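Protein chains in written order, with my numbering: chain D, 1 to 618; chain S, 1001 to 1618.
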């Protein structure tokens, strides 16, 4: 028998639900703090202290220290009363869990050095780490790290803005060339100018650089002219989109009127038939398409859009003279790509992936994750122009750390404050990150936390693959329990429960109904009351047996996608047509601990008992 | 004799240049960590640990722990080699100093609770703190906290974006009303529609709300339509603007062509004569003015623009039917407003301010700060529509914490995802911060740090006033030393040094020249080499005697403002006309320790010796 593959022990990654690893955490923290304190003392050791031990006895000094003590005690008490117990497997709500000890300790240490990655001079150490982390994330997305560009943002929202900002300015390049270097686009009509493929635009810009006319061209892009005399086109997003896309249309001056929603199917993935129909309609109407956004891990369902189909559609369009930018919003699912990356860095085949995952599972082997469509979608991410991926979600890093990865770093020249390609060559401004990104000042500590996470948890199947795989296993357990659950009795009434859909990732949505109940309003009210019972809505969560989140699937946003689910709970179609909104409980299972059969069984029993007790009460 | 006013002891605020307060820091940190670990244990005390002590002995567990240890050691070493010793008074470079222990400890503690202030459910405790901190900052700016709105951003850049975003959407309101509720703006021509004063626009929106037509109107603002068919007008900024304004014009789709630079005088404050001329020209040409930005604490010089004069100019314009939005970029200087706020919260008169500052100084009493123009500028900030103010600058809070304060919170309805005024009344969505701001996910820990800072250091003359006052005193010491410095000998040559300008705040720019030297290129080269000697450019800063930053004042950006300064160093005007760029050393004096005469004298002597030795070498 061959030994099992060397694997990360996720028990050693977190402080733990019962502070199991606190002795290690505290020891390391003490060591790091002492080390920092000594670093200060050793800087010009002959400099006198800024104040004497005697001055530290002054009443004003003592009073100020006391004030600090009191404020900290107040903060600590407040946090304990009003925080979410993410750390516990009893918390199955939003996309949060405990964060990696390595990341927390790295963050805490770096705060004392307080680097700012806006300019190299503000954080030499962490600027270098950010470049490294950016390359790692770009590689994880399947981009060529030499041609790609990635960096940390304050969150997925800002990363989405940045993707659309790049897309918008890029779309205006051919038009700018027509003004400032017309020979480069000779013979192209307005439609052709609005449909130059991404790489072709970047090559044309390259030519402008070579001709010394880059600044003149860039000055005529949207960056210089604004959107005053020009419409960049439509942005197509699935109905499951995060609301930051709506904000992005406003912020970037494109306008929400130009956001087009693509329907989702009963699996909550983008409906390719509808996307094709929309794209065809726009092409027929000669309306440019600025970008298509695919979501990998939707906010409410964890659904994975068919990125590979979007890529194929673009290829087909390009054969007909139309093109668009592709951004993948993988804020949630992005780190999941590690499940498919072998320890040698290769994106594995599907059977190989399944084998690798099976070998790394603890107890559970029923799951057939990933579904081939999900596999293909993750694989095709490498064809996107830019991708949002949040370390503070499935990277298990504390807030606020998002990231954006860009396939072709030449795109960045379109938004950089300087002409990036010029400055890269000069030692003058080595790494003025703030001049290439949307944000300015940014905490080097965030970057240190992400770097630490990647250092301890490799970005492949042995590291994040194993950790996230365990969370998917836990979600699968939960999904199967809900699927198999028989009608049960509570308070003299009988109830049923159904999961919304088989999870593409690790989000499980579900709803209860009274057995035989055919009133959708009553069912929604029942689930809302359950949510309230198991959330902050009914008092401090510290006293709860179980904490969940919720969402409403409304016709206005989801069309008829929820119909079949509602039907599965015994509600007639006519009720759906009348109410057109279904309230569901939503559990993001980020914890890896529920992958273990025994642990899972305990929590499931407890959860069921708590739900039953609450149903009896309602 | 009356006792001196009760005062904050700034010695007790920081870890200290020699880790003087480390015993207290470590004790508090230990207490807070223990307290958190216990909180986890006490949550459902009967839940079993997720893993056993025995499992903690597994080789894989130990291997994972070891990996964490090694990565932390690597990070710690890297930080020590490549970080800036902000904590030392030898660091007189960028806008950074040691950060408040209270803020650092608050930050570290909150990381373990990992709240996300995007939605209330993600961080109940810290969302409440953010509302509190937002009110505090709004009040500090002189806004009525009941009518105002303020929140934390990831930095000044994003706060500036948010200010301009509000301005842009607001400017489109009358145009939107013309489409969706024409009776509200009956009789107004295009020019009048583009010049409706801010408050009037907000009142009109109020009427739209009352008529149930708010969403229809909002849908026709820039938010809905984009900037495709409309130009929002020019944005006027002083030459000393931060480069985020240039980025903002791009990001928001307005276009950099529409940014108009206002000249600055020899004092580096916005030249009101030029502003008036530009405004007059635009009015004559019937070109709308979207906004005028005034800077309080310019990035390179710490200059304070005459905000009061901008306010007066707008009043005059409004009498003639023209109007614009006023944003104050006080990212740097904003907290300085505390110098003028008495312990009763009143904005004090000038003599009262001077008296209060005199009473709180340690040794030094020569300074006549503030100059009456600076006083009036700070006072008039309360008339701005929105203000950027960064806790991570003069709030002495770790990165990344900016903030924006908005005079009239109704403005926020123009950018909110929801119709804010509707949701405010519902318990449904109590505080979905992410839907009212530009960013989404945001660290509650940042907010906790700012809250802690404000709790320990009051936002008035007794707290931040005293702390920032001490930093201004230190800068004044430094300025006077430079002003009084006689020609000195180094390496057989004689040198002179001159400060650029009397600081409005706490930035001191200066340059050396060889006595009798009349070659501007040679002078620039001399100062550049000095900068390189006293920065990371010539190796690890840990080995430096003094660390500074630099800036170049170029004709392209500053016009002729630097001419007189260059002349003061013995350079003929013709040289300035030829070279049109002067390289200066730049010291932001954020440390309070140099306010003490004895400490200052020691550092000044050391600094002079270091400079002299380096000049002798060059």
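No residue lacks a Cβ here, since even glycine has one placed at the ideal position from N, Cα and C. Keep in mind that this is a model prediction, so the values were computed, not measured.
With 16 other Cβ atoms within 10 Å as the buried cut-off, status of residue i
| i | result |
| --- | --- |
| residue 1229 of chain S | exposed |
| residue 52 of chain D | exposed |
| residue 5 of chain D | Any answer about residue 5 of chain D is weak, because its pLDDT of 46 lies below 50 and its placement is not dependable; what the coordinates show is given next. Exposed is the call here. |
| residue 525 of chain D | exposed |
| residue 1346 of chain S | exposed |
| residue 1428 of chain S | Interpretation of residue 1428 of chain S is limited by its pLDDT of 47, a score under 50 that renders its predicted location unreliable; the figure taken from the coordinates is listed afterwards. Exposed, since its Cβ has fewer than 16 Cβ neighbours within 10 Å. |
| residue 116 of chain D | buried |
| residue 598 of chain D | exposed |
| residue 550 of chain D | buried |
| residue 614 of chain D | buried |
| residue 385 of chain D | buried |
| residue 320 of chain D | exposed |
| residue 1372 of chain S | exposed |
Backbone secondary structure at residue i - three-state DSSP
| i | result |
| --- | --- |
| residue 1268 of chain S | coil |
| residue 1468 of chain S | helix |
| residue 1195 of chain S | coil |
| residue 320 of chain D | coil |
| residue 499 of chain D | strand |
| residue 327 of chain D | strand |
| residue 1182 of chain S | helix |
| residue 1369 of chain S | coil |
| residue 1332 of chain S | coil |
| residue 1494 of chain S | strand |
| residue 1220 of chain S | coil |
| residue 149 of chain D | strand |
Neighbourhood of residue i by C-beta, 8 Å cutoff - its chain only, sequence neighbours within 5 removed
| i | result |
| --- | --- |
| residue 426 of chain D | Caution applies to residue 426 of chain D, whose pLDDT of 44 falls short of 50 and renders its modelled position unreliable; the value that the coordinates give is listed next. Nothing listed; no residue qualifies. |
| residue 559 of chain D | 239, 263 and 264 |
Closest by C-alpha distance to residue i, when choosing among the options
| i | options | result |
| --- | --- | --- |
| residue 359 of chain D | D:375, D:371, D:339 and D:378 | D:339 |
| residue 1381 of chain S | S:1349, S:1327 and S:1416 | S:1327 |
| residue 125 of chain D | D:137, D:136, D:138 and D:111 | D:111 |
| residue 304 of chain D | D:559, D:386 and D:329 | D:329 |
| residue 473 of chain D | D:588, D:274 and D:397 | D:588 |
| residue 269 of chain D | D:300, D:284, D:259 and D:357 | D:300 |
| residue 393 of chain D | D:459, D:331 and D:548 | D:331 |
| residue 237 of chain D | D:219, D:263, D:218 and D:224 | D:263 |
| residue 341 of chain D | D:289, D:265 and D:464 | D:464 |
| residue 518 of chain D | D:552, D:391 and D:578 | D:578 |
| residue 1619 of chain S | S:1574, S:1507 and S:1407 | The shown model of chain S, from 1001 to 1618, leaves out residue 1619 of chain S, and the question about it has no answer. |
| residue 64 of chain D | S:1505, S:1592 and S:1455 | S:1455 |
Chain S within 7 Å of residue i, Cβ atoms only
| i | result |
| --- | --- |
| residue 228 of chain D | yes |
| residue 278 of chain D | no |
| residue 152 of chain D | no |
| residue 85 of chain D | yes |
| residue 536 of chain D | yes |
Test: residue i CB closer than 7 Å to a CB of chain D
| i | result |
| --- | --- |
| residue 1550 of chain S | no |
| residue 1411 of chain S | no |
| residue 1519 of chain S | no |
| residue 1425 of chain S | Residue placement at residue 1425 of chain S is flagged as unreliable, the pLDDT there being 42, under the threshold of 50; a coordinate-derived value is accordingly withheld. |
| residue 1051 of chain S | yes |
| residue 1611 of chain S | no |
Residues near residue i in its chain [Cβ-Cβ closer than 7 Å; skip 5 each side]
| i | result |
| --- | --- |
| residue 1616 of chain S | 1490 and 1491 |
| residue 1557 of chain S | 1239 |
| residue 1029 of chain S | 1105 and 1108 |
| residue 122 of chain D | 115 and 116 |
Beta-carbon proximity list for residue i, same chain, < 6 Å, skipping 5 on both sides
| i | result |
| --- | --- |
| residue 1555 of chain S | 1580 |
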